[in-house]
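When we follow the working numbering, the leftmost residue of the sequence shown carries the number 1, and every step to the right adds one.
Heads up, the beta-carbon is just placed ideally off N, CA and C, and yes, glycines get one too.
Report on the structure given below.
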Amino acid sequence: MTNAVPLTEIWRGPMAESLHRGHAVICDDTGAIVEAWGDPKATVLPRSSAKMIQALPLVETGAADARGLNSEHLALACASHNGAAIHTDRVRAWLGDLNLQDGDFRCGAHMPKDKAARHALIRADEKPCQVHNNCSGKHAGFLTLTQHMGWGPEYVEPTHPMQRACLEAFEEMTGETSPCFGIDGCSAPNFATSMHGMARAMASFAAAREGRNARETAAVRLWQAMVAHPELVAGEKRACTELMRACKEPVALKTGAEAFFIAIIPGRRLGLAVKIEDGATRAAECTIAALLVRLGVLDADHPATRRFMNAPITNWRGIETGTIKPANGLL
């Protein structure tokens, strides 16, 4: 077994003040490892980086087409959104099309990350609804398939047919039997796999061809929806959104809690998975940006790249005091 390795460094003045270790794997369309850092066999919970896998049953069963879902719906099904109006308005409309209400969600409520939406709730002395949950798009997808199939309402239970369908897709895409699961922040089970398995799954998305079969057609539609609507996948100033816009070719990107990050690069039929051991989001964002630069799909000097890689750290007076940068040899 290989230990985690340094992936991102935090510099202050002339010295490295902090170090973030982790694992990263790049896979090709055969599932083989092209490059790896740390331990490809490390067991991980991919958290929200697995959302496009969880959305596969929605599309491949025909439920998405039966309910008239478009690419915006599919992008939201893969999203960890900011809860801005562009997100919540669309999810509310989707829920209405299903003749369902906010109470039919099982994701729970939290304040939106979007400042305007958060301040509007505070000024109105209102509490957030479940539609503000960053996973509400994923859950709208769960409800769509659940309703289409005539399944029961408790769709986040691990034994529910909805979650069994997600597990089946997850194990087939990763090429591994999941050893366990944890309950995610949105109450749905999040299945574990290895770093290699997750990178393999992303490479399968990258290698998929529309029309070959239902699974591959679904995979193509999902990554294309993410690339077409990066603002729906996360939101303004978020790494997923900004880096997808900045890439020189189509690349689907998705963050996950506790410093997970994936990339799907269809033009090169490559999949990437990154996990930072200490759960630091800043390190996952820096690392994924560095790997995209390494592969030539992102310019190191693009303003969006510089927000996350070789990014300046400033103090309260606006003085630059340090840098977030990739570890030596990552670029």
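So what does DSSP say about residue i, is it helix, strand or coil?
i, result
"Trp316", "coil"
"Val25", "strand"
"Lys275", "strand"
"Gly267", "helix"
"Phe170", "helix"
"Ser194", "strand"
"Ala259", "coil"
"Met15", "strand"
"Thr241", "helix"
"Lys127", "coil"
"Gly329", "coil"
"Ala300", "coil"
"Ser80", "coil"
"Ala234", "coil"
"Pro158", "coil"
"Met1", "With a pLDDT of only 49 at Met1, under the threshold of 50, the placement of this residue in the model should not be trusted; the figure read from the coordinates follows. Three-state DSSP puts Met1 in coil, outside helix and strand."
"Leu69", "coil"
"Met52", "helix"
"Met111", "coil"
"Arg209", "coil"
"Ala199", "helix"
"Ala246", "helix"
"Ala32", "coil"
In the DSSP assignment, the beta strand (DSSP E) including residue i goes from what residue to what residue?
i, result
"Thr8", "Val5 to Arg12"
Which partner residues does residue i have in the DSSP bridge list?
i, result
"Trp37", "Ala24"
"Leu253", "Ala263"
"Gly182", "Asn190"
"Val44", "Thr193"
"Thr323", "Trp11 and Pro312"
Could you pull the start and end residues of the alpha helix (DSSP H) that residue i belongs to?
i, result
"Thr146", "Ser136 to Met149"
"Ile281", "Correcting the residue type first, residue 281 is Thr in the shown sequence and not Ile. It spans Thr281 to Arg294 - the alpha helix (DSSP H) in which Thr281 sits, taken as one unbroken run."
"Leu222", "Ala214 to Ala228"
"Gly96", "Ala85 to Asp97"
"Met309", "Met309 -> no alpha helix (DSSP H), and no H or E assigned at all."
"Lys115", "Lys115 to Arg123"
"Val59", "Leu56 to Glu60"
"Asp102", "Careful: Asp102 lies outside any alpha helix (DSSP H) and carries neither H nor E."
Within 10 angstroms of its Cβ, does residue i collect 16 or more other Cβ (buried), or is it exposed?
i, result
"Thr30", "exposed"
"Trp37", "buried"
"Asn3", "exposed"
"Trp316", "exposed"
"Lys254", "buried"
"Pro326", "buried"
"Cys135", "buried"
"Met15", "exposed"
"Met1", "At Met1, the pLDDT of 49 sits below 50, so the modelled position is not reliable; the number obtained from the coordinates is stated separately. So Met1 counts as exposed."
"Asn133", "buried"
"Arg47", "buried"
"Leu19", "exposed"
"Gly329", "exposed"
"Gly235", "buried"
"Ala124", "exposed"
"Ile183", "exposed"
"Ser179", "Correcting the residue type first, residue 179 is Pro in the shown sequence and not Ser. By the 10 Å Cβ count, Pro179 comes out exposed."
"Pro230", "buried"
"Met162", "buried"
"Glu242", "buried"
"Gly271", "buried"
"Ala93", "exposed"
"Gln54", "buried"
"Asp114", "buried"
Should the segment 63-70 be called in touch with the segment 195-209, which here means at least 3 C-beta pairs below 8 Å?
no
Does the segment 168-180 come into contact with the segment 139-154, if we say contact requires no fewer than three beta-carbon pairs (one atom in each stretch) closer than 8 Å?
Result no; under three Cβ-Cβ pairs closer than 8 Å.
Using 8 Å as the threshold, is the segment 276-293 in touch with the segment 114-132, meaning 3 or more CB pairs across them?
no
Check whether the segment 185-195 touches the segment 205-222, taking contact to mean three or more Cβ pairs, one atom from each stretch, closer than 8 Å.
Verdict: no, contact absent.
For the pair the segment 103-115 and the segment 255-274, tell me if three or more CB-CB distances fall below 8 Å.
no
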